[in-house]
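Contents: one structure, followed by commentary.
4 protein chains.
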Amino acid sequence: MTIGIGVIGYGYWGPNLVRNFMSTAHVRVVGIAERRADVRASLAQSAPAISVFESEEELIARDDIDAVVIATPVSTHYPLAKAALAKGKHVLVEKPLASSSAEVEDLIAHAEKGGRVLMVDHTFLFTGAVQTMTQLVRRGELGDVCYIDSTRVNLGLFQPDVNCLWDLAPHDLSIIDQLIGSDIVSINATGYGHIDPMRPDMVFLTLHYANKQVAHFNLSWMSPVKVRRFTVGGTKKMLVWDDLDQDQKIKIYDHGIEFQQEDQRTTILPEYRIGDIYSPLVSRKEALKGVAEHFIQVIRGEAQSTMDGQRGLRVVRILEAAQTELDRNLQIVARKRQAVLQGATN
Amino acid sequence: MTIGIGVIGYGYWGPNLVRNFMSTAHVRVVGIAERRADVRASLAQSAPAISVFESEEELIARDDIDAVVIATPVSTHYPLAKAALAKGKHVLVEKPLASSSAEVEDLIAHAEKGGRVLMVDHTFLFTGAVQTMTQLVRRGELGDVCYIDSTRVNLGLFQPDVNCLWDLAPHDLSIIDQLIGSDIVSINATGYGHIDPMRPDMVFLTLHYANKQVAHFNLSWMSPVKVRRFTVGGTKKMLVWDDLDQDQKIKIYDHGIEFQQEDQRTTILPEYRIGDIYSPLVSRKEALKGVAEHFIQVIRGEAQSTMDGQRGLRVVRILEAAQTELDRNLQIVARKRQAVLQGATN
Amino acid sequence: MTIGIGVIGYGYWGPNLVRNFMSTAHVRVVGIAERRADVRASLAQSAPAISVFESEEELIARDDIDAVVIATPVSTHYPLAKAALAKGKHVLVEKPLASSSAEVEDLIAHAEKGGRVLMVDHTFLFTGAVQTMTQLVRRGELGDVCYIDSTRVNLGLFQPDVNCLWDLAPHDLSIIDQLIGSDIVSINATGYGHIDPMRPDMVFLTLHYANKQVAHFNLSWMSPVKVRRFTVGGTKKMLVWDDLDQDQKIKIYDHGIEFQQEDQRTTILPEYRIGDIYSPLVSRKEALKGVAEHFIQVIRGEAQSTMDGQRGLRVVRILEAAQTELDRNLQIVARKRQAVLQGATN
Amino acid sequence: MTIGIGVIGYGYWGPNLVRNFMSTAHVRVVGIAERRADVRASLAQSAPAISVFESEEELIARDDIDAVVIATPVSTHYPLAKAALAKGKHVLVEKPLASSSAEVEDLIAHAEKGGRVLMVDHTFLFTGAVQTMTQLVRRGELGDVCYIDSTRVNLGLFQPDVNCLWDLAPHDLSIIDQLIGSDIVSINATGYGHIDPMRPDMVFLTLHYANKQVAHFNLSWMSPVKVRRFTVGGTKKMLVWDDLDQDQKIKIYDHGIEFQQEDQRTTILPEYRIGDIYSPLVSRKEALKGVAEHFIQVIRGEAQSTMDGQRGLRVVRILEAAQTELDRNLQIVARKRQAVLQGATN
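Protein chains in written order, with our numbering: chain A, 145 to 490; chain B, 145 to 490; chain C, 145 to 490; chain D, 145 to 490.
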């Protein structure tokens with residue numbers, strides 16, 4: 145059985161999706177929908193075997209398309225995915241799955257009712273680094289996870305319909321979903337918007353978990369330097385995933401705190417233990433190829449989805465809660481600034 | 145006029161203070177007070193010309209000591225400085241100046257009344273990197289400062305009487321005091337304590353300023369990797385100070401946001417401008433030598449202090465406000481964790 | 145006028161050539177010749193609009209192919225290029241242009257006689273870094289060039305028909321050809337072969353120039369770490385091109401030697417001058433795209449070639465001379481080893 | 145038994161020697177000889193307990209000095225060491241031990257005759273990195289050593305009486321002496337002198353060993369960037385010692401070449417094996433402290449010397465042979481340049 149694939153949106157990510165699906169077994173890329181006329185014209189020339197559509201509806205209506213991949217602005221995910229599911233298509237949606245948990249729940253319900261696959265493209269889960277890190281954590285190599293501290297900053301692309309939280313945090317949240325099992329009990333979120341104070345391009349997010357764990361995220365579209373550093377502190381060891389390090393994406397530090405024996409203690413201060421550093425070889429396979437293969441395997445009934453709607457829902461729920469806290473916080477800041485300004489004027 | 149110097153505390157920082165004062169003009173290092181007998185014995189052998197005291201009072205009482213340098217745990221700063229000022233000594237105190245703003249205010253009052261010099265050792269202000277950065281910002285090379293984002297993490301030394309906020313933040317706060325002129329209107333602070341949840345060894349602090357600026361600090365004693373990266377985002381350029389980079393401690397990025405002309409705008413999204421990167425040569429002079437020289441110059445009436453009590457007070461006030469917010473936040477987290485735990489038990 | 149392009153060889157580099165020519169104006173990629181049946185089958189599926197040939201002759205014979213691009217093992221460059229020129233095609237050949245200067249001279253003669261374009265793909269000349277570096281050197285920003293020191297090592301691909309000298313040195317030699325004007329007066333070359341001592345996978349090459357300049361190359365297929373560092377020492381400044389540095393490919397160091405005035409000299413030792421470091425923005429355009437465009441422009445008579453046969457000839461002549469010295473040296477080493485071995489046996 | 149130490153020369157290295165011997169057990173630093181009056185004056189003030197001499201002879205003549213440490217320009221090592229041995233002193237000399245093998249042999253003879261300790265300060269042998277690397281190689285962790293490739297470049301200090309070969313190579317040669325057992329059969333050496341072509345400040349040195357091993361050194365006083373990278377290629381693994389990497393001075397790469405089984409071979413090309421990377425914790429103890437302790441232990445008869453005269457002799461012999469080859473080579477270059485110049489004039 146060959147799966148006919150239609151891709152909606154041929155902007156930044158679309159070409160990568162098309163390229164990876166084209167080289168995946170049991171797949172035929174049937175069509176691409178794209179609104180910009182010049183991109184359609186260029187596609188017609190470079191990929192004459194693929195049908196090009198101006199209208200997404202037309203693509204969704206095609207009988208030879210079994211599955212639709214949606215790589216459009218976030219606000220359009222829900223209507224497009226819903227329309228595709230309504231026509232009996234399987235659906236893979238770029239992260240975040242939709243703009244609200246209500247939308248995601250509705251998509252999940254439709255997919256279940258129609259017996260179709262609904263997946264979200266949490267690409268990082270298919271990187272060698274994240275897969276290695278997840279295995280190490282699950283095997284208990286680090287002991288219990290105490291903290292996660294992630295910096296994901298660079299001069300990012302401003303997105304038309306989401307702020308930097310909804311653009312960048314889904315990566316980290318989908319990864320953490322694999323590393324920390326317990327529930328979030330408290331969220332801190334604040335940030336800064338260079339242009340519109342209420343629409344942050346820098347976000348500082350802290351999640352506190354029931355089981356005495358913490359996760360901190362520094363997310364920014366406005367850093368002159370690109371940093372992709374994700375640290376996991378465990379009771380036994382510590383791990384750093386630096387996605388920009390070509391040779392040592394994962395480093396495991398045999399470092400930790402040592403407590404003296406009760407009877408030898410002269411102080412309550414712990415001491416550090418510094419040990420070896422170890423970098424396991426991680427797969428260099430393109431992550432998106434793994435996503436494409438996984439989507440096809442799930443459609444063909446050969447695998448259980450690891451990136452299903454429920455997972456997308458968990459991520460969107462945290463985004464919503466973080467956004468609420470972010471709004472609350474930025475409004476306080478705005479109010480206090482206003483008060484200072486008025487005080488200065490009077 | 146030669147200034148007789150007495151140093152109280154010969155732990156981690158004391159030897160550096162002694163070494164630098166010994167090589168400073170117009171100075172004689174007269175005595176060192178240290179409670180540990182083995183350290184005193186070793187000092188007596190290696191520095192026979194310096195008097196060694198078990199009692200701080202004894203050192204402070206010496207007539208040939210004109211100025212006292214205090215490098216002891218934070219909780220002792222106030223009584224020692226007060227005693228020294230009472231004996232008419234000039235005083236240089238390690239950061240933070242004291243444990244509370246009330247203590248600092250009292251010390252300032254005593255110093256003013258007695259006409260003595262009261263200084264706080266904000267060493268970083270005398271590094272070539274911070275001096276260069278400050279000049280660049282003040283000259284307007286970066287345009288207006290929008291944000292500061294500082295990461296100051298490593299496997300730090302656990303301090304006996306302060307948490308990681310009071311240990312690490314004074315560095316950043318004393319530096320920012322030179323870069324941002326406007327008032328703080330709102331503070332977010334949260335964190336994590338590996339051993340005692342209420343005594344954090346990781347702190348995430350955000351300061352919102354009246355004049356639409358933000359400063360974020362990631363402070364940790366528990367990172368396997370040492371990071372000392374301080375980013376300043378301006379309306380014209382961006383600057384990164386990486387204190388671990390031996391060749392390029394300061395990098396100025398000619399990067400920024402470009403807005404299209406009103407009539408050409410087809411989108412509200414800004415575009416990035418990427419330009420050259422420039423690293424000015426920064427002085428490699430040992431910062432603490434600069435501090436020692438400055439202290440002596442101020443005592444001799446040759447310079448105005450740039451690290452006086454008022455400056456130490458501003459830093460301690462922010463620490464206090466941040467601690468209040470941190471306590472409030474960590475208590476919420478603790479309560480919610482407790483609630484989840486009880487819910488799980490019931 | 146649209147130029148019909150045929151590409152011979154679809155191994156490591158061929159796909160990049162095809163992709164870049166496909167997106168170049170005035171070009172139609174007509175055919176690809178490739179000996180491996182599985183690669184041909186895969187091509188037929190993924191690029192149905194391009195004719196695929198088993199035989200290079202067949203491709204060369206096609207009337208709708210105006211220009212042939214040769215990306216095959218080095219030993220086949222000469223016969224394939226000669227055959228293509230004989231059929232009146234323009235020819236672009238991967239580096240090195242051919243296996244010997246005699247072959248190159250013959251190709252140049254054929255190209256001139258037939259009025260066809262003969263070019264060698266010295267891709268690095270079209271990188272933003274090399275173009276920026278060349279302009280800086282030509283403008284005299286560094287003063288006079290004193291030395292070039294290049295390290296080009298990693299776990300490289302073993303080539304079937306050339307050693308590491310002929311594989312790696314063409315990059316550096318084509319670049320240096322733009323930076324140093326004077327003639328080579330003396331060559332040192334030695335190396336090491338892990339498998340066959342006479343077929344080195346590590347080569348150390350030093351070129352001495354008439355005008356008191358030196359160039360040293362450390363070339364290796366056997367380094368665990370990839371290094372691409374190219375240093376230019378000038379009388380005024382120094383420049384480092386690190387091709388693996390994403391942010392600062394070019395750094396200009398305002399460092400140099402200072403000589404004291406004649407009458408103040410107390411010593412013959414020079415002193416160092418350390419200054420600022422500056423990284424100009426370099427173009428991130430794909431170099432091979434520039435090569436493809438340049439080839440087409442030269443064919444269309446819109447540009448003079450900067451990578452013509454003469455340039456390829458200069459590089460191959462240095463390779464030949466270096467190979468002679470390398471052989472001579474490795475034979476001496478082999479003889480001496482043999483002597484020691486015999487001495488040990490006797 | 146306390147050993148009285150006298151240090152001759154208080155320039156760049158002398159203060160480090162004094163500081164380390166002062167904190168070594170069973171040692172009293174009795175005197176320092178230094179020709180510069182201002183340095184003597186400053187010493188008298190900062191270290192009143194140590195006698196300061198203008199004349200080396202005077203220091204050597206002192207009865208309370210049992211051992212002399214010589215940290216003066218290379219050309220003075222021999223006469224000073226000889227004089228000290230003649231007075232029955234033990235002697236520790238900075239690297240290289242002397243200016244010629246004849247001198248070293250004479251010193252060894254004197255030391256043996258007088259029953260005194262003669263040691264050379266090959267400091268790097270006491271670094272944690274070199275000790276770890278040596279153990280790994282000797283345990284066979286890397287398999288057999290195939291190659292060593294060392295880059296030791298920066299803006300170094302010009303030395304008054306030696307060129308960059310004699311200044312920098314002793315470090316690498318003393319280290320290699322521990323890693324490669326077989327004899328050198330052939331040497332290549334060339335270089336470049338910015339000021340005097342026959343007095344190189346850049347040297348490229350290659351040693352070929354009987355047992356099919358090679359060592360290459362890139363030594364320079366004229367690099368804008370400091371590099372200290374030492375690579376060891378083994379038949380099983382590869383190792384990189386980067387002395388500037390604070391966290392991972394030693395990295396062991398589980399990389400190598402794989403050969404296919406005889407019957408499966410379709411090609412003679414080997415394939416690469418890429419594996420994990422591992423960084424053992426290395427001691428951070430100051431190397432010179434280890435040297436000082438070792439010298440004292442050997443004098444006290446508690447240890448066999450690992451840095452004795454024979455070892456210094458092996459290093460100086462290689463330096464001599466390399467210098468001969470360097471001179472021969474640079475004279476050829478000079479002659480050929482002259483010929484080109486004359487050709488150009490005629």
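Where a beta carbon is used, it is the ideal one built from N, C-alpha and C, also for glycine.
In this structure, how does DSSP classify residue i when only helix, strand and coil are distinguished?
i, result
"Y222 of chain D", "helix"
"M382 of chain D", "strand"
"H438 of chain C", "helix"
"R481 of chain C", "helix"
"K356 of chain A", "coil"
"T267 of chain B", "helix"
"P159 of chain A", "helix"
"G337 of chain B", "coil"
"R409 of chain B", "Here the model assigns R409 of chain B a pLDDT of 44, short of 50, so the residue's position is not dependable and the matter cannot be decided."
"G377 of chain A", "strand"
"V460 of chain D", "helix"
"D389 of chain A", "coil"
Under DSSP, the alpha helix (DSSP H) around residue i begins and ends at which residues?
i, result
"S186 of chain A", "181 to 190"
"T276 of chain C", "272 to 282"
"H254 of chain A", "245 to 258"
"E202 of chain B", "200 to 205"
"D316 of chain C", "308 to 323"
Do you know whose CA, among the options, lies nearest residue i's CA?
i, options, result
"R505 of chain D", "D:P414, D:I319, D:P159", "In the structure as shown, chain D starts at 145 and stops at 490, and residue 505 of chain D therefore has no counterpart that could be examined."
"G300 of chain D", "D:S294, D:I292, D:L309", "D:L309"
"E415 of chain D", "C:Q303, C:D340, C:G287", "C:Q303"
"V511 of chain A", "A:Y422, A:G337, A:L323, A:L312", "For residue 511 of chain A there is no data in the structure shown, the boundaries of chain A being 145 and 490."
"I331 of chain B", "B:R472, B:V151, B:G287", "B:R472"
"K381 of chain D", "D:S244, D:V174, D:M277, D:V162", "D:M277"
"K429 of chain A", "A:D207, A:D321, A:N164, A:E464", "A:N164"
"P240 of chain D", "D:V460, D:L474, D:R206", "D:V460"
If I follow the unbroken beta strand (DSSP E) through residue i, where does it start and stop?
i, result
"H170 of chain B", "First-last for H170 of chain B: undefined, no H or E at that position."
"S427 of chain B", "Premise fails: S427 of chain B is in no beta strand (DSSP E) and is neither H nor E."
"D293 of chain A", "289 to 297"
"V151 of chain D", "147 to 152"
"E415 of chain D", "415 to 417"
*Per the contact definition of three or more C-beta pairs closer than 8 Å, is the segment 248 to 268 of chain A in contact with the segment 223 to 234 of chain A?*
yes
_Stretch pair the segment 213 to 226 of chain A + the segment 448 to 466 of chain A: three plus CB contacts closer than 8 Å_ = no
*Listed from N- to C-terminal order along the chain, which residues in the segment 309 to 342 of chain A have their beta-carbon within a distance smaller than 9 Å of any beta-carbon of chain B?*
S326, D327, V329, S330, N332, A333, T334, G335, Y336, H338, I339, P341
_Taking beta-carbon pairs under 9 Å, can you tell me which members of the segment 453 to 468 of chain D lie near chain C?_
none
_Along the segment 412 to 432 of chain C, where does the CB come closer than 7 Å to a CB of chain B? Name the residues._
I418, G419, D420, I421, Y422, S423, P424, L425
*So, do the segment 392 to 404 of chain A and the segment 314 to 330 of chain A have three or more beta carbon pairs nearer to each other than 8 Å?*
no
*Contact set between the segment 378 to 393 of chain B and chain C, restricted to residues whose Cβ is under 7 Å from the partner*: D391, Q392
*Given 8 Å, three or more beta-carbon pairs between the segment 388 to 396 of chain D and the segment 336 to 348 of chain D*: no
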